Structure formats: structure tokens, C-alpha cells
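Protein chains in written order, with our numbering: chain G, 1 to 625; chain D, 1 to 306; chain U, 1 to 363.
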Amino acid sequence: MVTRVPPRSPRPRRGVRFLLTSGAAALALAAGSVVPGNPLAPAPQEAQADDGDKTTLTVAVAQSVDSLSPFLAQRLISTSIHRLMYDYLTNYDAKDNQAIPALATEWKPSADKLTWTYTIRSDSKWSDGRKATAEDAAWTFNKMMTDEAAATSNGSFVGNFKKVTAPTPERLVIELKEPQATMAALDVPIVPRHVWEKVGDFSKFNNDQKFPVVGNGPFILTEYKVDSYVKLKANKDFWRGSPKFDEIVFRYYKDQDAAVAALRKGEVSFVAGSPSLTPAQSASLKTAENIKVNDAPGRRFYALATNPGARTKDGTRFGDGHPALLDQRVRQALFMAVDRRTIIDRVFQGHAVEGEGYIPPRFKEYFWTPSAGQKLSYDPAKAAALLDEAGYRKNGAGKRVGKDGKPLDLRILCHATDPNDKAIGKYLQEWWGDLGIGLKVNCLDNVSDPWYAGEYDLAFDGWSVNPDPDFVLSIHTCAALPAKPKESAATDNFICDKQYDELYAKQLAEYDPAKRADLVKQMESRLYDTGYMNVMAYPNAVEAYRTDQIKSITTMPSAAGNIYGQDGYWSWWSAVPAAGASSGSSDEGGSSTGVLIGIGVAVVVLAGGGLLFAMRRRSTAEDRE
Amino acid sequence: MTVSTDAVRDKGPRSLARARRRRAVSGFWHQYRTHRAGLAGLVVLGLIALLALTAPVLVGAESQSVTGATGGPLESPSAEFPLGTDQFGRSLLALLLWGTRVSLTVGLLAAFLSVAIGTLVGITAGHFKGWYGTVIMRITDWFLVMPTLVLAIALATVLSRSVWTTILAIGVTTWPTTARLVRAQTLSVESRPYIERSKALGGGHGHIMSRHVLPNVMPLVLSQTTLVISTAILTEATLAFLGLGDPTIVSWGGLLQDAREAGAVSSGNWWYLAPPGLAIAVVALAFTLCGRTIESVLNPKLGVTR
Amino acid sequence: MSTDSTPALLKSAPGVDSARTDGPAPAGPSARGPRSRSTTAYLRYAAGKLAGAAISLFAVLVTSFFLFRLIPGDPVKQMTGGRQVSTEQIAAMRREFGLDLPLWQQFTEYCGKALTGDFGTSYQFRAPVMDKISEALPATLLLTGTAFVIYTVIGIWLGARSAWRNGSFGDRFNTAFALTLYSVPSFWLGLLLIITLSVGIGPIPGIFPTGGMESGDASGFGYVLDVAHHLVLPVVTLVAVEYARTLLVMRSSLLDEMGSDYLTTARAKGLRDDLVRRRHAVPNAMLPTVTLLFVNLGNTVAGAILVETVFSWPGLGGLFYQALSVPDLPLVQALFFVFAAAVILMNTLADVIYPLLDPRVGR
């Protein structure tokens, strides 16, 4: 979920949810550490010896919770916790990302594709004992449709809703304005109406005053201390079955190295990193005892975006993107001079997959690769020829100049908080330098301003892709362009391509999965050819957990996938405590000895000063005698 | 200050002054030599400056290239790479040498900026005692209570990321101390009779400030500069560590930040983390030692009068 | 190491303490303080100091407002990025945050509310800024307070010893050691401590937690111990880099005292050396040191940003850093104000209290 995107916050739009907003990413990074750009995975920590048999899974996290209200929360940490606290209408199968029943047991569209009917299960109960019904779901959606404040985090899901009703406690009916293929991917936590209808101002209510918080998910939120920890206990009555761990704790380590160190010591059971562990960390953890490194295919793509000439919906141009980039040959030449193999080997040190199409291979049904003819492979000589052809020839000093005699000097926007951006920036400077192109790497904490203003030539870009790819596709449509110059908008990179837009409209109205997937692939092919979004890599999710605390845990996809930040609660719900984890394992003994020694040192240090004074006073007293 | 008064020879005032100063300098050096710590600091600084100047010859510019790197990622120290390699396979020793240039440059320039502002403000505030002096000193006092680090972080955030931003952020947040010291010195210089004489002879403000006050505060300014450099080097490292430096330039603080981002701390790659930190500490200490020595030579009574 | 030099560091320290040691005038507020014996004069003096502090606070308030408006990045854009928002919605958000008003009006509103302790609502946390600050403040106070007490005690004690044995090996070693630690970047020292004492290297066991303030599973006395356990490494780091200042001031004030006639007299009376030291010299030398310490305390709060970052301490420093990158203007402004106010208040307190403490300022 780390989006490398401009600092915008990705919001979930219809099907896809952007887990991490870029703003959050920036913050997290800023915090220096652990922001889960990616999933945070919980690590099971076992509970401590003093509690006898209570099992606790502890997850190291870095990102601060923005809000515990599902109506306001946008950061990955918060939405991950909401996954545990509240059930959604549907869930995604851990095996293959297919939508499967959750609060709704089945759903179907009407013949005109405009009305969806959901059957709500009868065995889901709120933690205060009341039954969860279609009423709760209808109230949640209606609240988001009528109260601007309640639409803060998930409003985009209901943008196309005309009317939501609950004719019976088991039946939820949603009427749409336009057909929408993503109705089994409504990632909206359903809240208990009887609790939430008492809330006055939704823009100020953070759901963090009264514990435990009433919910119907696999865990119940019991305690929260800002930037220290978030605690949840198992919901024994959860309809899918109780989680195996009794408790899950998200504990804060703002520094990723500190989090890794905590894992080594057994202070935490799981570390995800932000967005993932570094190659050095994963290499050193691989050799550690009782620690398993999960190096899984990621859900993110990492791309080189070129400014296609920023403009508004009505075509007003703005920004100062380099005119040379309006030439497709130049864009393609630039990408052909990028050695993706080296990036994977050197920057990611093998913890990534070479980029192909727009959607990562993890989402098999939508994954697309360019044909041999259209593939822009690494080929500096061909890149040079393309540039010559486009009219940018080398001058005497080895610099490429345009027909106007101006040298080809480009700028690239980079996220100051992302080490990969900075590293690849260095490589690009050298590769493109050989080609005769100058590059200024412009690293900012907050890239959103130049980005929205269209004041960039190239940029490092990246989004997390959801099981339903609608969102990441929608951000390149003309409809996403800003209404006015420099206004924020849904657009990612000011792309507006007629052919792409037609395909987008078709896939959204296509309810047949196979046909829709085919349309999506055609869109990816088109996007690849334009040279506006050049995917360099799909970074892996690199996480680690202690095998002496967690015996087993479900990844997503289950064959090889991530643990933290899943589309669902599978990892934490399924985690099985290791034998002995709860009953004072050797670790425990070790750590409590450590605690005692530590306390001893602390006491000595603290007492030192007092003692000095005391001694001094005593000797003075002696003098007086 | 350490001006000898017996230089009564039949020469022009210029050469008289020159001789006086030459003598002051040699007297100063004579005393400075007796402070072992100060000497040690000076020697260390000389060595480091030499390394910084000869870095291009010693290691070559290509050692900063990522595409031309020959080592593997994060190799531990070996004969080929005495301090190991960074995540791109570049020699850390070479990077440390290159970093010396940036860190020293930033430290020197920032200190120069800071002391220049401080001296200007201090002399003018001491010379023009009226409302100008009052207002300017109120501003100085006010800057003095601003938390320096917080202000520097804020400035570095506000401006774009570059070496110049770092220099500016350090320079404009550390000058008030110098200003106060210089102003006090100015007041004491201007109370001396020869200033009266100079005024009576028609010396203007500019003449008095530049010809009489400035030379007399210079020694103080010198010691102050030395001390500010060590602060500046530490602050540069701090800003770089917080990710507010220019990521495309190799500096010691930047190396530490890179080490941290690469996860060197928890992977036990001490050879990545330890040398830049040590280098910072050594240089900061060397400047501090020199500064303290200069100060005590120039004003041996400082310790007793305060 | 030269033995008679002044606490030069104080002047270059990135802090405010220099206010007290600058200039050829005798250091300390006493120089500016009342020499008169009359209480009225003291009161007038104190009132002047308080008025000065009030002006400074107001100036800080003004700066906090304008400085951070220069940060690139429109908070509304930042918060609405990636979703379709109508121009009306953007206008509504601007209204909500008061960003639609002319700057001077935003400013007067800000000042008016700030006077009542209301710094507005945090953009990113959607909670009153003062709530966020009061959540983080105790952690920062605990960390800096503990470190303050310890470095004060160590600094004064070592400083006194150093001065008394001026020029001895012990003195030189003490000063050199303190100066060395003073030159070390605090974040680097913190990282090294984590590697050695938290993670453990070779035979050294990792006995301290790697970060945070509590484990979250202890209560009662166990909780106190747990927090104390987490406190050790951050405190050690802060103390190591900070105690040099106290040591050097104490040392030079004591050297100063030792030149005084009354000590010679005391010795001439046949009093034992250490008695002279304890009864006469040290108490007098403590005065400038103590006032300096007040100032240091205010400054340590801001200086703890780095240590808080390295040790994941849930205090104001981390909050400030997070707030800067949004930019969460209300939070940034308020934190900046809090940091500066801490320094100003401590300075003023030192100024006001000093004459009361100094026996030489007869009253």
C-alpha cells in the first residue's frame, strides 16, 4: 500500500482501495520508520508469562492512527484495524482474491444491472449482544450518502448509489445510478446503528473514548494509547470462528531498525517495515534463529511517470512539463535507457519483480505482459537512435539538444522519504547522462504541490492495487482530470487518452469476469504504448515473524503472499500460537531477566545522584563534629 | 587586544599597525602552542582538511558512481574495501572521504554566515546605541530564545532541499550568540579614549566601525567562528539524519541517514554506521578544542572574571 | 587540555543558554538585576522581566503563524488528493479550517483563540490540537525531566571536582571526556546504544527494550518499573550529550569563586580544604550554574526531538515531525509555540529567581 504517488491520498474508489494515502506515507516515512507502507503484519507475540495461558500476538507498527472512526480513517494502520473490528459485506478469498461472503452471504444484480440485492447473514452479533442486520448496513451507507463528514474516508464507494434500503433484517437493496461492476468489492466497515446514531458531529468523532468498542469482526478493540499501542481481544463469538490468539497488540516502533531489533529479541512477533524490510534487514534476519522472513510478491507497482502535459477537464493547459516529453519517442527512449534488471538486482537486491504491465502478477487474472513487438526492453543504443530520430541530437559537448538548440535537461520528482526513489534517481542520472540527457533529482517531503500544479517532467509513481483494479485504472481517465488548473483531483498523472477511456467505460459495465479481465488487459496494453506510465518493478512485501511465537499464519494469496495489510483479516484471524508461546517459554524467562537487570541499572543510575549528595552531606556532617 | 603599546618607531601609521599585528599574531601563536589540546585539535583539523582537498586524487570521482560500483551490496570490511561497501557496492572509505568535503564546506560556510550576521548586528547595535541598538538587540534576544533545532528544521522544511538550504538554516538560527558577544565587545572598545579622538578628528561611523571596532573584535569573532563550526557540523548531520538534507550529495550526515535507511543498524553492519558518526565527533571535537584554546589565549582572564 | 578556559561551549551551544554567559559584563542576570536593597526595585525588575517575556511570547505566536504558512503544500489539497472532490467541497473544507478568510483575519482569530488556549483542530487527527499535545506532553516531560535531574547532578558534581583539582589528571580527563561526548551526534549515540544494549552484541545481552515507553501489559508498580526500564537508554543518551555544559559552567564558576578573597581568608583560618569547598565555594558557584540549568531545561525539551525519534518515544518531538510533513498547520504552530514558550518561561524564571537566590545581592 504504499503509494508512491503524489502525495495524494488514495482513497478507495469503488472497487479498489488504496490502502495508504500518500500523505500518510509521507508522514510515516517522515516519522522515520515504520510506516507500513505495506501491510503491517501482526506478529504474534506471546503473551507474557505472568498471564499464564493468554496468547498475545504483537505487531510492530510505525504509522500513527489518524482516526479510529471508520468514517474518517484513511491510513493503512487504521483501515487494517477496522478490518478486524467490523465485518464488511464481502471479503476476499485468501487463496485467489475472489469476493466471498462476509456479512452478506450472497449478492446479485437485477436484470437491468442497476439494483443489487444482498442477503445478510443471521449469525453475526455485535459485541454488546445485539444482532447485526441489514438495517445497520443500510444506515451506514445512508449516513455516508447524506453526511459529508461521514463520507470522508469511504465516500467514493457510495458516489454512484441512488438509494439504499433494508426491506427486511436479512435483505439489503442498493439502487445504482449507473451499472457498476465492483459491487462485490465495497470495502466499507458496517457499523452498529444503535451505537453510531448517537454520534453528533461525525467530523470530530474519533471512536476512541469508550472501550471496548462495539463491533462484530474477529477482534474487539479494547485499548488504545496514542503512539504506544492498540490492543484488540479475540471475538469468541465471531461467526467464522474465534481467532486462535487471545489478543493482538499493535505496538509502536517509529524506527524500523528498532522494530527489527525488537523482533530479534522477541519483544514483538511480527514486523512488516515501511513499506517493507530492507534487503540488509531481511538478509540478516534470514540467518537468525526462530525467525521466518516472508518475501512475498507485492501488490504494488513502481513506475516512472512522464508528464503528458498537465491540463484540466476542459483542456486548459497548465504546468511546465518539458515539451520534449510530448513526443512518444522521447518517452519510450527514456524508458529504454532504464536497466530494470539492475534496478531489481542492485536497488531491490532481488526483492522485487521486473516490471511489465500496469497490474502486478499477483493479480493473475488481470496481469498482462507486452508482446515481443511492443516491449520496450533495455537498449541504450536503440534509445539513442530514437532520440536522434525525434530531433534530439548530441552536440559537441555530448549533450542532447533540441531543434531550438536548448539542451535536454529534465527534472524528476522524488519522495524524500523513499530510499528507493533516491537510489534509482542516482542510477537514472548516470544512465541518462550517458545518453546526453541531464537530470535533476528533486526530492521533496511533500511532492503534491508541484505534482498537482503539473510542474514536473518525470516522477516516481506507485500505487497499491486492490483485488478489484477499478481504482488504479480510473485514475488515468479524462474524467479524473482537475476541473481547474492546479486543483487536486483524482488523476494520477494527467493522462487523458480516448482509446483508454472507451475501454474503461466498457469494463466498468461488464459483469462477466473473464470479459472484464480481457478489457482491463487491453487498457494496460494501451497504457504501456503511450509511455506515460513505465512500470519498472513490482516490489515484494518483505516481512518477518517469530516462529517460536507464531506457529502458522495465512498469507494472501495463500500460496505466496503478504501478511500485513491484506484485503481481509486472514493473517491475524488465522495465526496459530506456537506451542509453549503462552506458558513462559525460555524467551520469556530471558526477557524477564532482562527486565530485572534493566530495572536494576535504571535504579542504580537514578540513585547515583542522590547517593552522591547524601555522601557529601554526610561527610560535611562529620566535619562538623 | 593583545596589542603591544611600545611600538614607537618612526614609521607610518599603516606599517606601525602592521608590525603591531604581526607581533600580536606571533605572540598569540606562542601562547597557543602551550595548549596541548588546542594543538591536537589543530593537527587533526589539518589532516582532515588535507584529506578533503586531496579526495579527488585519492579516490577519484568515479567512486561516487552507482553504475560503476564494483563491490557487492553492504560488504563487510576487506582489503579492497577497508570500510566495506554501501548498498550500491561503493567503497565506504571513498564516500567518507568525499563526505568530508561536503561536511567541512557546510560547516565552514554556515559558521561564516552565522558569524558574519552576528558580527554585523553586534557591531552596529553596539555603535548606534539609540533606538536602533535597542530594537536590534530585542530582536536578537528574541532569536536567542527560539529553539534553534526546531527553527532549523522548520526552515529546512520550508525551503527546497539543497546544501544551500542547510547552510542558510544553520546560519540564520545560530547568529544571535555572536551578536551579543560582539556587541558587548564593541561597547567596551568604543568606550576607549582613542575612539573619542578619532571622532574628534572627524572619523565617520563607517570609519570607526571598520577601522577601529572591527579589528578589535576580530579575535573574538575568530574564536566564535571556530566554535560555531562544530555546532554547524553537528546540525548538518542532524538535518541530514532527519531526511532534510540533499539526498543526492554525499555528506557524513547523509551517510548516516543512508545507513539507517538501508537497515544497517539492525543488521549489525557497524562499519556503515560507526565511521561517519566518529568522523563527525572527531571534527566537532577538534574545532571545539581549537575554539576553546583560542578563547583562553585571547582572554586568559575569562575563566576568572566570569 | 587547557585548564583555565571558559565554558566556551555555552556560547556555541545550539541553545539559548548563551543569554546568560555572553558579553564582558559579568554573566548572569545579577548583572542586570537589582543592586538596590529595596523590594520595590526588585518588583520593578521582576515586572520588567515578565513584561519582556510576554512580548517574546507574543512574538513567537506571530512567528509560528507566519513561518509555517511558507511551507509548500496546501493542506486541503493534501487531504483531498486522490478522490473526486467538487470545487464546492474544497471551498467547504477551506471554510471549515478557516483558510478562506483573509490572512490578517485568520491571524487575529488565531491569536484570539490562542490566548484562551485553543489552537484549533488538527487537520490530520481531527482532534483539538491541545488534546494531541497534552497526550504527548507527559512522555516528553518524563524523559527530559529525568535526564535533566541526572545531568545536573553529574555535571555539578564533576564540575566541582574538576575545578577543585584544576589542572590535575582527573580534571583534564573529566573535561576531555565531557567534551568528547558533547561532540557526538545524539542520534548516532542512541543508535549505537540500541545495537549494543538493546539488541546485544556478542557477549553483551540485549537487556533494554528497543523503543517505546511501555510494554502495555503491566499495571501498578509493574507499570512503573516497565516505564523506568524503557527510560534508561533514552535518558543515558540525553545525559551523555548534555552534561558537558553543566560541567563546564560549574567548573568555571567555581574557578571564579576560588580566586575570591574570602576563600583565602577561610583557608587562612585553618579550615580544611574540602570543608572550604563545600561550605563556601560550591554554594556560591552553584548560583550561575543553577540559573543556567533552568534555561537548559527549556531547551532540552526541544532538543529531545532526535532522541525521541530514535527511541520511538511517544512525545512532542515525534508529533512535531509528523505534523510538519502534512503540513498540519494548527499542530505545527502550537508545537512551535510550546517549544519556544518552554525556553522563554525558563529564562524568565531564572531571571526572576536569581536575585532572590544570590546572597550577594542583598535584600
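Don't be surprised by glycine CBs; every beta carbon is placed ideally from N, CA and C.
In this text, all values refer to a predicted model and were calculated from it rather than measured experimentally.
Going by alpha carbons, who is nearest to residue i out of the options?
i                      : options                       : result
residue 218 of chain U : G:220, G:229, G:218 and G:486 : G:229
residue 55 of chain G  : G:472, G:364 and G:243        : G:243
residue 297 of chain G : G:542, G:178, G:571 and G:551 : G:542
residue 206 of chain G : U:191, U:124, U:64 and U:171  : U:124
residue 139 of chain G : G:354, G:189, G:249 and G:344 : G:189
residue 214 of chain U : U:68, U:223, U:108 and U:208  : U:223
residue 124 of chain D : D:167, D:183 and D:152        : D:183
residue 172 of chain G : G:155, G:199, G:107 and G:201 : G:107
residue 235 of chain U : U:270, U:254, U:170 and U:193 : U:193
residue 248 of chain U : D:288, D:138, D:59 and D:162  : D:288
residue 305 of chain U : U:295, U:313, U:296 and U:317 : U:317
residue 141 of chain U : U:350, U:341 and U:297        : U:297
residue 59 of chain G  : G:380, G:357, G:256 and G:488 : G:256
residue 171 of chain D : D:209, D:57, D:117 and D:284  : D:117
Chain U beta carbons: is any one of them nearer than 9 Å to that of residue i?
i                      : result
residue 258 of chain G : yes
residue 284 of chain D : yes
residue 230 of chain D : yes
residue 307 of chain G : no
Under three-state DSSP, which class holds residue i?
i                      : result
residue 648 of chain G : As shown, chain G starts at 1 and ends at 625. That puts residue 648 of chain G outside it, with no answer to give.
residue 107 of chain G : strand
residue 296 of chain D : helix
residue 461 of chain G : strand
residue 478 of chain G : helix
residue 205 of chain G : coil
With a threshold of 9 Å between beta carbons, is residue i in contact with chain D?
i                      : result
residue 261 of chain G : yes
residue 320 of chain U : yes
residue 255 of chain G : yes
residue 191 of chain U : yes
residue 59 of chain U  : yes
residue 347 of chain U : yes
Taking 9 Å as the threshold (beta carbon to beta carbon), is residue i in contact with chain G?
i                      : result
residue 144 of chain U : no
residue 243 of chain D : yes
residue 214 of chain D : no
residue 84 of chain U  : Confidence at residue 84 of chain U is low in this model, with a pLDDT of 46, below 50, so the placement of that residue should be treated as unreliable; the coordinate-derived value is given next. So yes, residue 84 of chain U belongs to the interface.
Residues, ordered as in the chain, of the segment 427-455 of chain G that lie near chain D by beta-carbon distance below 8 Å: 427, 429, 430, 431, 441, 442, 443, 444 and 445
Residues from the segment 211-230 of chain U in contact with chain G, defined by Cβ distance under 9 Å: Of all residues in the segment 211-230 of chain U, only 211, 212, 213, 214, 215, 216, 217, 218, 222, 225, 226, 228, 229 and 230 come within less than 9 Å of chain G when Cβ atoms are compared, listed by chain position.
Residues within the segment 237-255 of chain U neighbouring chain D, beta-carbon criterion of under 8 Å: Flagged, chain order: 252, 253 and 255.
Residues, ordered as in the chain, of the segment 254-278 of chain D that lie near chain G by beta-carbon distance below 7 Å: 260, 261, 262, 263, 264, 265, 266, 267, 268 and 269
Under 7 Å (Cβ pairs) to chain G, residues found in the segment 160-187 of chain D: If the cut-off is 7 Å between Cβ atoms, the segment 160-187 of chain D has 161 near chain G.
Against chain D: residues of the segment 271-290 of chain G by CB proximity under 9 Å: If the cut-off is 9 Å between Cβ atoms, the segment 271-290 of chain G has 273, 277, 278, 279, 280, 281, 282, 283, 284 and 285 near chain D.
Any 3 or more C-beta pairs closer than 8 Å across the segment 243-256 of chain D and the segment 100-108 of chain D: yes
Inter-stretch contact at 8 Å, needing at least 3 Cβ pairs: the segment 128-148 of chain G / the segment 179-196 of chain G: yes
Any 3 or more C-beta pairs closer than 8 Å across the segment 311-325 of chain G and the segment 451-468 of chain G: yes
Three CB pairs or more closer than 8 Å across the segment 221-238 of chain D and the segment 150-170 of chain U: The segment 221-238 of chain D is not in contact with the segment 150-170 of chain U.
Near-chain G residues of the segment 41-69 of chain D (beta-carbon distance less than 7 Å), N- to C-terminal order: 65, 66 and 67
Contact residues within the segment 86-105 of chain D, judged by C-beta distance below 8 Å to chain G: 87, 88 and 89
Selection of the segment 346-379 of chain G by Cβ proximity to chain D, strictly under 9 Å: 346, 347 and 349
Near-chain U residues of the segment 23-35 of chain D - C-beta to any C-beta below 8 Å: 35
Selection of the segment 138-165 of chain U by Cβ proximity to chain B, strictly under 9 Å: The structure shown contains no chain B; its protein chains are G, D and U.
Near-chain U residues of the segment 61-81 of chain G - C-beta to any C-beta below 7 Å: If the cut-off is 7 Å between Cβ atoms, the segment 61-81 of chain G has 64, 66, 67 and 72 near chain U.
Cβ pair count under 8 Å reaching 3, the segment 472-481 of chain G against the segment 419-429 of chain G: No, the segment 472-481 of chain G does not touch the segment 419-429 of chain G.
Touch test, the segment 328-342 of chain U against the segment 268-280 of chain D, Cβ-Cβ under 8 Å, three pairs minimum: Because the criterion of three Cβ pairs below 8 Å is not met, the segment 328-342 of chain U and the segment 268-280 of chain D do not touch.
Stretch-stretch touch, CB-based, cutoff 8 Å, three pairs: the segment 237-252 of chain U with the segment 176-187 of chain U: yes
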